[in-house]
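Trainee: Following numbering that gives the first Met the number 0, the numbering of the sequence shown begins with 0 at its first residue and continues without gaps. The beta carbon of each residue, even a glycine, is placed where N, CA and C say it ideally should be. Quick one: the structure is below, and I'll ask about it shortly.
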Amino acid sequence: MRVIGIDPGTAMTGWGIVEINNGRLKSIDYGCIKTTTKESMGERLKKIYTDLLDLIADTTPDEMAIENIFFNTNVRTVMSVGQARGVCLLAATTAGLPIYEYNTSEVKYHITRYGRATKSDVANRAKELLRLEEIPKPDDVTDALAIAATHIALKLNINIQQQCESDKPAEDS
Numbered sequence: 000m001r002v003i004g005i006d007p008g009t010a011m012t013g014w015g016i017v018e019i020n021n022g023r024l025k026s027i028d029y030g031c032i033k034t035t036t037k038e039s040m041g042e043r044l045k046k047i048y049t050d051l052l053d054l055i056a057d058t059t060p061d062e063m064a065i066e067n068i069f070f071n072t073n074v075r076t077v078m079s080v081g082q083a084r085g086v087c088l089l090a091a092t093t094a095g096l097p098i099y100e101y102n103t104s105e106v107k108y109h110i111t112r113y114g115r116a117t118k119s120d121v122a123n124r125a126k127e128l129l130r131l132e133e134i135p136k137p138d139d140v141t142d143a144l145a146i147a148a149t150h151i152a153l154k155l156n157i158n159i160q161q162q163c164e165s166d167k168p169a170e171d172s
């Protein structure tokens, strides 16, 4: 199973490709789709959409896991994240990918076992779970990897904590 995790945003949309091989979670690739404020909102959303479609074609994920919008007192932020999220959902649907949505606290809990973990806690644990040499930057990328890992763990009923605490691989389904 190969999953693309998405942390949507108009300035940066983090993405991470995670799969399970021989019972182990593995990061295949990750990065960020960046836009600038010099572009119109329409141009920025089009870039996110087309870059994500190309990425899906190149990396062939089976499913998309994406972060839900969390409540923020800044209405503009919520609106722009919602727009970016919308084009990500459109790209997944266009590519025929099933979409799964996760709240931030849900991802934090499944990665760290604490729903109020800090970004640093999530980043460190994702690095450990996926056996990365360093923590990917920016945070949007680490969040996307954590979202993908959470989805695989929940879909296949894997205890991802076991990935770090034991040499025994989790079960593939």
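1. I'd like to confirm the pairing. Which residues does DSSP put opposite T29 in its beta bridges?
2. Within 10 angstroms of the Cβ of D28, are there 16 or more other Cβ atoms? Answer buried if so, exposed if not.
3. How long is the line joining the alpha carbons of E62 and L144, rounded to whole angstroms?
4. Check whether the Cβ atoms of I55 and I146 sit closer than 8 Å, and answer yes or no.
5. Just to confirm the assignment: which complete beta strand (DSSP E) runs, minimum length 3, are found wholly within the region 26 to 82?
6. Grouping DSSP H, G and I as helix and E and B as strand, with all else coil, what is I5?
7. Nearest-angstrom Cα distance between G81 and G8?
8. Going residue by residue through the region 85 to 136, where are the continuous beta strand (DSSP E) segments of at least 3 residues, counting only ones entirely within it?
9. Just to confirm, are V121 and K136 a CB contact at a threshold of 8 Å?
10. On the DSSP bridge assignment, give the partners of N21 in chain order.
11. Secondary structure at L144, three-state DSSP: helix, strand or coil?
12. So, at 7 Å on beta carbons, what are the nonlocal neighbours of T141 in its own chain, with the 5 sequence-adjacent residues on each side left out?
13. Just to check my reading of the structure: I3 and I16 have Cβ atoms closer than 8 Å, yes? What is that Cβ distance to the nearest angstrom?
Mentor: Taking the coordinates as given:
1. Numbered from 1 along the sequence shown, position 30 holds the residue referred to as residue 29. Note on residue identity: the sequence assigns Tyr, not Thr, to residue 29. For Y29, which the question treats as bridged, DSSP gives the partners G15.
2. Position 29 of the sequence shown, counted from the start, is the residue given in the question as residue 28. Counting Cβ neighbours within 10 Å, D28 comes out exposed, since fewer than 16 surround it.
3. Numbered from 1 along the sequence shown, position 63 holds the residue referred to as residue 62. Numbered from 1 along the sequence shown, position 145 holds the residue referred to as residue 144. Cα to Cα, E62 sits roughly 13 Å from L144.
4. What you label residue 55 is simply residue 56 of the sequence shown in a count that begins at 1. What you label residue 146 is simply residue 147 of the sequence shown in a count that begins at 1. One thing to note: I55 has its Cβ no nearer than 8 Å to the Cβ of I146.
5. 62 to 66
6. Counted from its first residue, the sequence shown places residue 5 at position 6. If DSSP states are grouped into helix, strand and coil, I5 belongs with the strands.
7. To locate residue 81, count along the sequence shown from 1; it is residue 82. To locate residue 8, count along the sequence shown from 1; it is residue 9. Looking at the two C-alpha atoms, the distance is approximately 8 Å.
8. 98 to 101
9. Reading the sequence shown from its first residue, position 122 is the one you call residue 121. Reading the sequence shown from its first residue, position 137 is the one you call residue 136. No, Cβ-Cβ distance for V121 and K136 is not below 8 Å.
10. Position 22 of the sequence shown holds residue 21. None; N21 has no bridge partner.
11. By 1-based counting over the sequence shown, the position of residue 144 is 145. Looking at L144 - three-state DSSP - the assignment turns out to be helix.
12. Residue 141 sits at position 142 when you count from the first residue of the sequence shown. V121, A122, A125, I134, P135.
13. If you number the sequence shown from 1, residue 3 lands on position 4. If you number the sequence shown from 1, residue 16 lands on position 17. Right, the Cβ-Cβ distance comes to about 6 Å (below 8 Å), so this counts as a contact.
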